[in-house]
Amino acid sequence: MDTRSKKKHLLATRSGKVAVVVWCMLLATVACNRETQERSARQKFSVTKTPEGIVVASPDGSLRIAGNEKTAHIKIKSDETGEVEMHYQQESLAPGFPADIPIYKPAVVKMSQCFQGRNAIATLSTSDNMSKVAQFYRDNLSEKGFTVGEEVTLRDLILLQGTKDDSKLNISLRQHQNDTVINLALTEQKAQP
Numbered sequence: 033m034d035t036r037s038k039k040k041h042l043l044a045t046r047s048g049k050v051a052v053v054v055w056c057m058l059l060a061t062v063a064c065n066r067e068t069q070e071r072s073a074r075q076k077f078s079v080t081k082t083p084e085g086i087v088v089a090s091p092d093g094s095l096r097i098a099g100n101e102k103t104a105h106i107k108i109k110s111d112e113t114g115e116v117e118m119h120y121q122q123e124s125l126a127p128g129f130p131a132d133i134p135i136y137k138p139a140v141v142k143m144s145q146c147f148q149g150r151n152a153i154a155t156l157s158t159s160d161n162m163s164k165v166a167q168f169y170r171d172n173l174s175e176k177g178f179t180v181g182e183e184v185t186l187r188d189l190i191l192l193q194g195t196k197d198d199s200k201l202n203i204s205l206r207q208h209q210n211d212t213v214i215n216l217a218l219t220e221q222k223a224q225p
């Protein structure tokens with residue numbers, strides 16, 4: 033093959049490759065345009081935009097996720113585990129947050145979650161010092177029916193614990209700049225069969 037033939041062959045090969053790439057891009061664009069697509073039987077989840085955020089759901093109802101930047105609700109159903117729910121909330125307590133967890137009132141709720149029965153976590157922040165917040169929890173745990181457990185105090189950290197029936201509440205207080213960060217974690221211990 034002479035030089036001129038090689039150039040024509042190379043140009044034709046490149047043009048063919050470019051055409052294939054453009055064609056693939058065009059097909060991908062059409063395939064991704066959901067407005068022109070009909071629902072396929074193979075589509076696994078539906079995604080719906082609502083005034084409250086986005087809802088993702090499975091066709092059989094076994095999974096539903098709804099939320100936005102500040103809230104989320106997840107529900108999973110299965111034959112093996114039954115129904116599992118989780119609520120997440122920023123800047124306030126999540127729906128279903130256990131009422132017997134003492135909440136330090138001058139504090140601001142940063143986030144909270146509750147899931148599977150009485151399991152819950154929350155992060156709060158206050159400008160009050162750690163020792164004042166720790167005293168609040170020492171006093172209020174027993175008022176809410178918890179037995180006050182171990183306490184560990186380090187320089188910038190206080191750990192408190194309370195137990196009630198089959199639940200354990202762990203509280204950590206940490207100094208962060210000029211604030212006290214309060215982390216609450218309630219776990220429910222399931223009885224072994």
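Take 33 as the starting number for the sequence shown in the working numbering and just add one per residue. Glycine is no exception: its CB is placed at the ideal position from the N, C-alpha and C atoms.
* Is it the case that the CB of Arg170 approaches a heavy atom of the ligand COA more closely than 7 Å? -> This structure lacks the ligand COA; in fact it carries no ligand of any kind.
* Which residue's Cα is closest to the Cα of Thr195: Thr212, Gln207, Ala217? -> The residue with the shortest Cα to Cα distance from Thr195 is Ala217.
* To do: Could you pull the start and end residues of the alpha helix (DSSP H) that Glu175 belongs to?
  => Its alpha helix (DSSP H) spans residues 162-175.
* For the putative contact between Ser144 and Ala126, defined by C-beta atoms under 8 Å, what is the C-beta separation to the nearest angstrom? -> Confirmed, Cβ separation roughly 5 Å.
* **Cutoff 6 Å; reference Ser124; Cβ partners in own chain excluding five residues on either side** => So the qualifying residues of the chain are Val141.
* **Residue environment, His208, which counts as buried when at least 16 other CB atoms sit within 10 Å** => Exposed, since its Cβ has fewer than 16 Cβ neighbours within 10 Å.
* **Coil, strand or helix - Gln209 by DSSP** => Coil, per DSSP.
* Smallest Cα separation from Thr155: which of Ile214, Asn210, Thr179, Ser90? -> Nearest option by C-alpha distance: Ile214.
* So is Leu201 buried or exposed if we call it buried at 16+ other beta carbons inside 10 Å? -> By the neighbour-count rule (16 or more Cβ atoms within 10 Å), Leu201 is buried.
* Alpha-carbon spacing of Ile203 relative to Ile106, whole angstroms -> For Ile203 and Ile106, the distance between alpha carbons rounds to 25 Å.
* Could you tell me which residues DSSP pairs with Ile86 in its beta bridges? => Partner(s): Lys81, Gly99.
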